[in-house]
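Participant: Just dropping this structure here.
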Amino acid sequence: MKIDWLKPLVGRPGPFATVYLDATRSVEAGDKDVANRWRSVRRSLAKQGAADQVLNDLDDAVDRPTWVHGPHGRVLIADDEGVLVDRVLKEPPPVMAGVWHRVPSLLQAARSADEEVDALVVAVDRLGADFFPVGSDGFPSGDKETFEGPDDEVSKTSSTSTKRSVIESRAEDSWHRNAEAMAGEIDRRVAASRPEILLLTGDVRAVSMVRDALGQQAAQLTVEVSGGGRDDGVHAGHFAETVVEALDSFRERRREAVLAALREGLGRESGAVTSIGDVAQVLARGQVKQLVLSEELADDAARALHAWVDGSVEEPGLGGLLNGFQLWIGPDPMHIAASRTELDGVGDLEELPAATALLRAAIGQDAGLVFAPTGSVELRDGVAATLRWDDGGTPHESAATMSGDDGRVSMAH
1 MKIDWLKPLV GRPGPFATVY LDATRSVEAG DKDVANRWRS VRRSLAKQGA
51 ADQVLNDLDD AVDRPTWVHG PHGRVLIADD EGVLVDRVLK EPPPVMAGVW
101 HRVPSLLQAA RSADEEVDAL VVAVDRLGAD FFPVGSDGFP SGDKETFEGP
151 DDEVSKTSST STKRSVIESR AEDSWHRNAE AMAGEIDRRV AASRPEILLL
201 TGDVRAVSMV RDALGQQAAQ LTVEVSGGGR DDGVHAGHFA ETVVEALDSF
251 RERRREAVLA ALREGLGRES GAVTSIGDVA QVLARGQVKQ LVLSEELADD
301 AARALHAWVD GSVEEPGLGG LLNGFQLWIG PDPMHIAASR TELDGVGDLE
351 ELPAATALLR AAIGQDAGLV FAPTGSVELR DGVAATLRWD DGGTPHESAA
401 TMSGDDGRVS MAH
């Protein structure tokens, strides 16, 4: 899935305030619940030395409602120039925390990308179409935009001065012209905004005609969902439930497609790699299509963050199972290596926690990100990548030595 929304973090010197917040509003208290939770996190950030301006910018951001129904969370990342990331999480975070550190705490933020689907709903009737994005709760997450077809003679109501057959023929022609115009508008919007899935709903006949007229790109993204429409009679709650089911199904298909490609590539030692070293090398060469991380990494990062919040440890754990393993980076996101000598001559160098460095490089080359559930695939060090291309310089040392390797993170237990 897409992680381009993390791009504003690339190249920033830090330090950063990373906030994980339960943004759920209760019926009784409303936004007061969120405000009280934020005050607690804010005090923690202030004690850690976060600048007043950073805290004020976060105040303004938290004050803006998410408009999301039901339980959900929120991640915000800010530096001294403002809030760089503000994303809704499908579920409240396992640990509410604020971290002021030279690097952002990215694993939990990145995991939220695995929950999100960039979805566009298109509700059609025989006159036109409404377009609006939806969130993980199935409700609209942005403004509705309307497109009206060129023909408004869509009724088959009889007239005393015109034969019924003529009226019906005119109406049918109008329906088809409008459907073709709507399909053209959908094609244009898909090409411009590149949603991951297009949810088509509304008048049954119009849905069928519009879908038949779609271009190849839009047609491949389209899933029909029932219960929606352009009129006020739509039951928003029931339709949202249908949308959530469609998004859940898409999310599973999206993940399994990547994991299937990973298994195949690792099996034939072409098209995929695993281990920190191999993944760092292919990231440096710009080969990565999808970065794959073990869900255990994010789970362990959450546990480490919890230990820091309750005072059990002095430093927040930012790297999950990779905690303690560092990678070197240079000025460009593709400057990444396990040793400093590999980057000699590229400019100022810095060591980062491995998970942060891997994500930075993936973001810089527009790679996607997938978290692999326990039991789905075997990963060395909990990391892997599928590749855009493979050649003689592609490392595959880990694939040949995974059996019995103490560095392996088994996902099959």
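First residue of the sequence shown: 1, per UniProt numbering; consecutive thereafter. By construction, the Cβ of each residue, glycine as well, lies at the ideal position given by its N, Cα and C atoms.
#1: Could you tell me the alpha carbon to alpha carbon distance between GLY184 and VAL117, rounded to whole angstroms?
#2: Should the segment 338 to 358 be regarded as contacting the segment 88 to 104, the criterion being three or more beta carbon pairs within less than 8 angstroms?
#3: Cα separation between LEU369 and LEU358?
#4: Would you check whether the ligand FAD has a heavy atom nearer than 8 angstroms to the C-beta of PHE16?
#5: Can you check which of these residues, GLN365, LEU305 and VAL309, is closest to MET334 by C-alpha distance?
#6: Can you list, in chain order, the residues of its chain whose CB lies under 6 angstroms from that of VAL210, leaving out five sequence neighbours each side?
#7: Any chance you could list the alpha helix (DSSP H) runs of at least 4 consecutive residues sitting entirely within the segment 238 to 306, in chain order?
#8: So, do the segment 249 to 258 and the segment 228 to 238 have three or more beta carbon pairs nearer to each other than 8 angstroms?
#9: Name the residue from LEU107, LEU199, GLY149 and ASP173 whose alpha carbon lies nearest to the alpha carbon of GLY135.
#10: For the segment 130 to 149 against the segment 380 to 395, are there 3 or more C-beta pairs whose distance is under 8 angstroms?
#11: With three or more beta-carbon pairs closer than 8 angstroms as the criterion, would you say the segment 21 to 38 touches the segment 58 to 75?
#12: With DSSP collapsed to three states, give me the class of ASP390.
#13: Tell me, which residues are paired with ASP86 by DSSP?
#14: Which value, in whole angstroms, describes the spacing of the CA atoms of GLU115 and ASP173?
#15: Which residues in the same chain have their Cβ closer than 8 angstroms to the Cβ of ALA236, if we skip the five residues on either side of it in sequence?
#16: May I have the straight-line CA-CA distance separating residue 414 from ASP299, to the nearest angstrom?
#17: With distances taken between CB atoms, is the gap from ASP79 to GLY14 smaller than 9 angstroms?
#18: For LEU221, which residues of its own chain have a beta-carbon under 6 angstroms away from its beta-carbon, when the five flanking residues on both sides are left out?
#19: Specify the secondary structure class of GLU28 as computed by DSSP and reduced to three states.
#20: Label GLU296 either buried or exposed according to how many other C-beta atoms from any shown protein chain fall within 10 Å of its C-beta, with 16 as the threshold for buried.
#21: Return the chain-ordered list of same chain residues with a C-beta closer than 7 angstroms to the C-beta of VAL10, the five sequence neighbours on each side being excluded.
#22: Please classify ASP187: does DSSP put it in a helix, a strand, or coil?
#23: State buried or exposed for THR341, treating a residue as buried only when at least 16 other CB atoms are found within 10 Å of its CB.
#24: Buried or exposed for GLY347, going by 16 or more other Cβ atoms inside 10 Å?
#25: Given this structure, state the Cα-to-Cα distance separating ASP48 from VAL99, to the nearest angstrom.
#26: Go ahead and label ALA301 buried or exposed: buried means 16 or more other beta carbons lie within 10 angstroms of its beta carbon, across all protein chains shown.
#27: Could you give the first and the last residue of the continuous beta strand (DSSP E) run that contains LEU21?
#28: For ASP4, which residues of its own chain have a beta-carbon under 8 angstroms away from its beta-carbon, when the five flanking residues on both sides are left out?
#29: Within 10 Å of its beta-carbon, does ALA260 have 16 or more other beta-carbons around it, so buried, or fewer, so exposed?
#30: State the start and end residues of the unbroken beta strand (DSSP E) segment that holds LEU127.
#31: Would you kindly work out how many angstroms separate the C-alpha atoms of PRO150 and ALA191, rounded to a whole number?
#32: In the DSSP assignment, what residue or residues form a beta bridge with residue 414?
#33: Grab me the residues of THR146's own chain with a C-beta within less than 7 angstroms of its C-beta, minus the 5 sequence neighbours each way, in chain order.
#34: Thinking C-alpha only, which one of LYS144, GLN108, LEU283 and GLN217 is nearest residue 475?
#35: What did DSSP end up calling ALA61 once you bin it into helix, strand or coil?
#36: My assumption, with CB atoms under 8 angstroms, is that VAL309 sits in contact with ALA50. Please give the rounded CB distance.
Facilitator: Let me lay it out:
#1: Indexing the sequence shown from 1 puts residue 184 at position 184. Indexing the sequence shown from 1 puts residue 117 at position 117. Whole-angstrom Cα-Cα distance: 23 angstroms.
#2: In short, these stretches touch, since the Cβ pair count reaches three.
#3: Numbered from 1 along the sequence shown, position 369 holds the residue referred to as residue 369. Numbered from 1 along the sequence shown, position 358 holds the residue referred to as residue 358. So the two alpha carbons sit approximately 11 angstroms from each other.
#4: Among the components of this structure there are no ligands whatsoever, and the ligand FAD is therefore not found.
#5: On the sequence shown, position 334 is the one that residue 334 refers to. Checking every option, the nearest Cα to that of MET334 belongs to GLN365.
#6: Reading the sequence shown from its first residue, position 210 is the one you call residue 210. Once the five neighbours on either side are set aside, the close Cβ partners of VAL210 are VAL124, ALA179, MET182 and ALA183.
#7: The DSSP assignment places 276 to 284 as complete runs of the alpha helix (DSSP H) inside the segment 238 to 306, in order along the chain (cut-off: 4 residues).
#8: With the cut-off at 8 angstroms, the segment 249 to 258 and the segment 228 to 238 do not touch.
#9: Counting from 1 along the sequence shown, the entry for residue 135 is found at position 135. It is LEU199.
#10: Output reads no: the segment 380 to 395 does not touch the segment 130 to 149.
#11: Taking a cut-off of 8 angstroms for Cβ pairs, the segment 21 to 38 and the segment 58 to 75 touch, as three or more such pairs fall below it.
#12: Looking up residue 390 in the sequence shown gives position 390. Correct three-state label for ASP390: coil.
#13: Within the sequence shown, residue 86 is the residue found at index 86, counting from 1. Its beta-bridge partners are LEU76.
#14: Start at 1 with the first residue of the sequence shown, and residue 115 comes out as number 115. Start at 1 with the first residue of the sequence shown, and residue 173 comes out as number 173. GLU115 and ASP173 have their C-alpha atoms roughly 43 angstroms apart.
#15: For this step, residue 236 is matched to residue 236 along the sequence shown. Around ALA236: PHE139.
#16: With the chain covering only 1 through 413, there is no way to say anything about residue 414.
#17: If you number the sequence shown from 1, residue 79 lands on position 79. If you number the sequence shown from 1, residue 14 lands on position 14. Going by beta carbons, ASP79 and GLY14 fall inside the 9 angstroms limit.
#18: Here residue 221 corresponds to residue number 221 of the sequence shown, with the count starting at 1. Counting only Cβ-Cβ distances below 6 angstroms, and skipping sequence neighbours, we find ILE197 and LEU198.
#19: One-based indexing of the sequence shown puts residue 28 at position 28. GLU28 falls in the coil class under three-state DSSP.
#20: Residue 296 sits at position 296 when you count from the first residue of the sequence shown. Label assigned to GLU296: buried.
#21: For the purposes of this step, residue 10 is taken as the residue at position 10 of the sequence shown. Cβ neighbours of VAL10 beyond the five flanking positions: PRO333, ARG360, ILE363 and GLY364.
#22: The sequence position of residue 187 within the sequence shown is 187, counting from 1. ASP187: helix per DSSP, three-state reduction.
#23: Here residue 341 refers to the residue found at position 341 when the sequence shown is read from its first residue. Its Cβ having fewer than 16 others within 10 Å, THR341 is exposed.
#24: For the purposes of this step, residue 347 is taken as residue 347 along the sequence shown, with counting starting at 1. GLY347 is exposed by the Cβ-count criterion.
#25: Taking the sequence shown and counting its residues from 1, the one referred to as residue 48 is at position 48. Taking the sequence shown and counting its residues from 1, the one referred to as residue 99 is at position 99. Asp is not the amino acid found at residue 48; the sequence shown has Gln there. The C-alpha of GLN48 lies about 8 angstroms from the C-alpha of VAL99.
#26: For the purposes of this step, residue 301 is taken as the residue at position 301 of the sequence shown. Answer is buried; the Cβ neighbour count reaches 16.
#27: As a working mapping, residue 21 is identified with position 21 in the sequence shown. Segment 16 to 22, the beta strand (DSSP E) holding LEU21.
#28: Along the sequence shown, one-based indexing puts residue 4 at 4. Cβ within range, chain order: ILE363 and ASP366.
#29: Here residue 260 refers to the residue found at position 260 when the sequence shown is read from its first residue. Counting Cβ neighbours within 10 Å, ALA260 comes out exposed, since fewer than 16 surround it.
#30: Numbered from its first residue, the sequence shown carries residue 127 at position 127. Looking at the DSSP string, LEU127 is not in any beta strand (DSSP E), and its letter there is neither H nor E.
#31: Reading the sequence shown from its first residue, position 150 is the one you call residue 150. Reading the sequence shown from its first residue, position 191 is the one you call residue 191. Near 22 angstroms, if we compare the C-alpha coordinates of ALA191 and PRO150.
#32: In the structure as shown, the chain starts at 1 and stops at 413, and residue 414 therefore has no counterpart that could be examined.
#33: Residue mapping note: residue 146 aligns to position 146 of the sequence shown, counting from 1. A distance below 7 angstroms between beta-carbons, with the five flanking residues on each side excluded, links THR146 to the following residues of its chain, in chain order: GLY128 and ASP130.
#34: Nothing can be reported for residue 475: it is not among the residues displayed for the chain, which extend from 1 to 413.
#35: Here residue 61 refers to the residue found at position 61 of the sequence shown. Of the three classes helix, strand and coil, the one that applies to ALA61 here is helix, per DSSP.
#36: Translated into positions along the sequence shown, residue 309 becomes position 309. Translated into positions along the sequence shown, residue 50 becomes position 50. Taking C-beta atoms under 8 angstroms as the contact rule, VAL309 and ALA50 fail to qualify, at a distance of about 15 angstroms.
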